Amino acid sequence: MNFQSSVRKRVDFFDNSDEIKNGIEAKKGRFERKTLLPIHKEKVKIIQWLMTKQVTILMGETGCGKSTQIPQFCYEAGFGEKGLIGITQPRRVAAISLAQRVSDEMNTTCGDVVGYRVRFENCTSDKTKIVYLTDGILMREGIYDGIFSKYSCIIIDEVHERAVHTDMLLYMLKCCLRKRETPLTIIIMSATLQAGLFSKYFNDAPTYHVPGRTFPIECFFIDKCKFKEDYFYNSLSTVYKLHRKEPLEESFLVFLTGQDEIEAACRLCNEENKKFDFPIVSIPLYASLSSSEQFKAFQKVGSNRRKVIFSTNIAETSITIPDIKIVVESGKVKQKNFNPFTKTDILKIINTSQAQSFQRAGRAGRMAHGKVYMMFTEKVFHEKPVATEAEILRINLSGVFLEMFKMGMSAPHRLKLIEMPSEDKINSAIDELISLDAIEGNVDGNYKITSVGDNLVKFPVDPKYAAILLQSAILGCLEECLTIVACMSVEKLFLTPPENVREQVENHRRVFETNEGDHIMMLRVYRAYAQRKRSMPIGEFKEWTKKHYFDKRNIEAAANIRKQLSDICLSLKLKRQSCGTSFSQVREALTRGLSLHTAIFNRSIDKFVLVSNKSVHLKIHPSSCLHRQKPDAIVFSELCKTSDIYAKDVSLINPEWIKC
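Just so you know, this note's numbering puts 611 at position 588 of the sequence shown, and the rest follows in order with no gaps.
What follows is the structure in structure tokens.
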């Protein structure tokens, strides 16, 4: 892969309504933009091809227009008359933005002929024929309708990302083809050269290659002599230097690893603005933001200022931000890896693959010349892995396996996935589901879902978290656990304050701390936030949240999750009780749901010993309100590994609650 050479891209961008003078000009402009896309030249050939093929592997370079045009080609070919045309995306922001773009191109309102379905949002109607949706949403549909009977055509986009739900959908569709009586057209789309892998999986399905459009992207690597290991420092320094010399109308896209880094970068840029003649408008972009917050990335910021978007890998594929001319590629990504021996997820910051760096570079100059600045040397680039490891090979499989058991799977080891996870990971998922009473084995070595599992699978959260809710209903503390599970489902409730006010902020936050642990602290934070939001004047409330450095976006996201979980509990007729001011039942419910995440304190080694694997020794993370305590037993949400193994989000428990 040669970044010095041209990178193929598409002329694919969001319309600026301010520039549209009248309806005729708008319609003409939309048509002209569509015809500029490389894929449009292939339109007749592609439609003829799709009319005669059950499964197609469609390979198109980044920018050819496949994500917006293929669904429209299918619609024009008449697929919409026989059922829905569904197109999946790994991320919510891509599903929404693409639906809005295609609605505009087809001169219709989003939610009419073209719509989308993502978590918390359903923008479709009885008229909808083309629906963009996340792969997770379509997979959950498949749990209850294994032949996808509503659809005449299903398009799986961005398969090269190898998201776990994408891989599972490929398996489900392969099974569906054997069962379904009416025709179903399947189109598998990728921007990388992995056609052989997908073609072979679907019995040597034919491959159609779409040419891309070439625009030059200049690539700059860090000089070896100036290289520093601090990618965050390198990225921000590069932004400051480029801001001083590049035209203001050229926006920047900076790839960082997570919310903490992104919020810190936005804050530091705002502080640095006093040194610039023209300010930087810093815009965060990550998965837990609301749709309205995410779409600030697509809006213009006005004259005499520069837009700089700090994003996770959410901006790597599918979405196009029209004014991005410069990409700063940190070369890092945050990745979750499951350890089947400790039964815990470890979140690590790792190097991006060559393919990821290539995708990130492709975000620059989608309509013209662009530049990408790599925060590593050229030698480091060539030492990177060529492709990203498939998610299904490295995550905890209990959630997806529970969904597959619901569909009738009985023998996970005999699944025919495009790539099979290790036997250790498969066994670990089975063990976890058995510990939650979600499945049971029989004499022939197969498994089936239980009535408990039937209830767990209805919740769109980790099975362990769903188990907490079921147990809390039994123990009489469902109201409290709904809040806690919702808070556990977002990244965090607090922002990281700057060094100069950190001690002061920590003093403000101590009012929420409790010797019962972090989960009860989450409950207290959420309740205080909700109560003050209702009772305080807006200005006073903003000042209060600022004083504590609350992450308002995440707390609001937790409120949405809580509402969704609450509705599911209502449909299951679970007892909606509160335990009042005594939280012993809450901690016991946490212990029952997180039974594999319990540890006993060993005084001889001055560390905690993991109950499910006594060879694992750990400490309480410094961020925990129990950090300075040494309780007899704890339950925790996750482990992280640095120089030592640390438990995060920790609660004090009674050792007698632990199920051995």
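Just so it is clear, CB atoms sit at the ideal spot from N, CA and C, and this is done for glycine as well. Bear in mind that the values here come from a model prediction, so they are computed numbers and not experimental data.
*Could you please give the first and the last residue of the uninterrupted alpha helix (DSSP H) stretch that includes Arg140?*
Counting along the chain, Arg140 falls outside any alpha helix (DSSP H), though it belongs to the beta strand (DSSP E) covering Val137 to Val141.
*Look at Arg185 and Thr411 and say whether their C-beta atoms are less than 8 angstroms apart.*
yes
_Sequence-distant residues of the same chain with beta carbon closer than 7 angstroms to Ser376, five excluded per side_ = Lys407, Pro408, Val409, Ala410 and Thr411
*Below 8 angstroms CB to CB, which residues in the same chain sit around Leu597 once its five sequence neighbours on both sides are set aside?*
Leu492, Leu493, Ala496 and Leu501
*asked:* Give the list of continuous alpha helix (DSSP H) stretches no shorter than 4 residues that lie fully inside the stretch 226-264.
replied: none
*Would you tell me roughly how many angstroms separate the C-alpha atoms of Leu271 and Gly109, rounded to the nearest one?*
39 angstroms
*Give the DSSP-derived three-state secondary structure of Lys268 in the structure shown.*
helix
*Where are the alpha helix (DSSP H) runs, 4 residues long or more, that stay fully inside the stretch 421-491, in chain order?*
421-429, 446-458 and 474-479
*List the endpoints of the continuous beta strand (DSSP E) containing Lys359.*
Its beta strand (DSSP E) spans residues Lys355 to Asn362.
*Can the beta-carbon of Ile211 be found less than 8 angstroms from the beta-carbon of Thr111?*
No; because the gap between Cβ atoms is not below 8 angstroms, this pair is not in contact.
*Test item: CB-CB of Ile337 and Leu308 under 8 angstroms*: yes
*How do the stretch 577-589 and the stretch 635-655 stand: do at least 3 beta-carbon pairs fall below 8 angstroms, yes or no?*
no
_So for Tyr669, helix, strand or coil by DSSP?_
strand
*For Pro307: DSSP bridge partner residues*: Phe333
*Going along the chain, which unbroken runs of the beta strand (DSSP E) with 3 or more residues stay wholly within the stretch 87-158?*
107-112, 137-141, 144-146 and 153-157
*For Leu505, which residues from the same chain have a beta carbon less than 6 angstroms from its beta carbon, with the 5 sequence-adjacent residues on both sides left out?*
Residues Arg585, Leu588 and Ser589 of the same chain have their beta carbon placed closer than 6 angstroms to that of Leu505, with the five preceding and five following residues left out of the count.
*Which whole-angstrom value describes the C-beta separation of Pro654 and Leu675, a residue pair presumed to lie in contact below a C-beta threshold of 8 angstroms?*
Yes, Pro654 and Leu675 are in contact; Cβ-Cβ is about 5 angstroms, under 8 angstroms.
*Relative to the alpha-carbon of Val350, which residue among Arg550, Phe243 and Lys671 has its alpha-carbon at the smallest distance?*
Comparing Cα positions, the closest option is Phe243.
*Is the number of C-beta pairs between the stretch 466-481 and the stretch 429-442 that are closer than 8 angstroms three or more?*
Enough Cβ pairs lie closer than 8 angstroms, so yes.
*With contact counted as at least three CB pairs below 8 angstroms, one residue from each stretch, are the stretch 550-560 and the stretch 602-613 in contact?*
no
*Residue burial classification, His188 (beta-carbon count within 10 angstroms, cutoff 16)*: buried
*Who are His640's beta bridge partners in DSSP?*
Val632
*With which residues is Met82 paired in a DSSP beta bridge?*
Ser213 and His232
*asked:* For the structure I just gave you, are there three or more beta carbon pairs, one from the stretch 288-304 and one from the stretch 362-376, closer than 8 angstroms?
replied: no
_Where the alpha helix (DSSP H) through Glu65 begins and ends_ = Per DSSP, Glu65 belongs to no alpha helix (DSSP H) and is neither H nor E.
*On the DSSP bridge assignment, give the partners of Ile415 in chain order.*
Bridge partners of Ile415: none, in fact.
_Can you tell me whether Phe143 is buried or exposed? The criterion is at least 16 other CB atoms within 10 Å of its CB, across all chains shown._
exposed
*For Thr131 and Gln562, the rounded distance between their alpha carbons*: Here residue 562 is Gly; the residue named in the question, Gln, does not match the sequence. Cα-Cα distance, rounded: 40 angstroms.
*Report the residue ranges of all beta strand (DSSP E) runs contained in full by the stretch 173-198; include only those spanning at least 3 residues, in chain order.*
174-179
*When the Cβ atoms of the stretch 380-399 are set against those of the stretch 418-429, are three or more pairs found closer than 8 angstroms?*
no
*Expressed to the nearest angstrom, what Euclidean distance is found between the alpha-carbon atoms of Ile342 and Leu121?*
7 angstroms
*Anyone know if the C-beta pair for Pro229 and Thr79 falls short of 8 angstroms?*
yes
*Any non-hydrogen atom of the ligand ATP within 7 angstroms of Lys357 CB*: Among the components of this structure there are no ligands whatsoever, and the ligand ATP is therefore not found.
*With distances taken Cα to Cα, identify the nearest neighbour of Cys648 among Arg532, Gln217, Ser512 and Val141.*
Answer by Cα proximity: Arg532.
*Would you say the stretch 348-368 touches the stretch 443-451, given that touching needs at least three Cβ pairs under 8 angstroms?*
yes
*Check the C-beta distance from Ile319 over to Ile306 and give it rounded, since I have them as a contact under 8 angstroms.*
Per the sequence shown, residue 319 should be read as Lys rather than Ile. Right, the Cβ-Cβ distance comes to about 5 angstroms (below 8 angstroms), so this counts as a contact.
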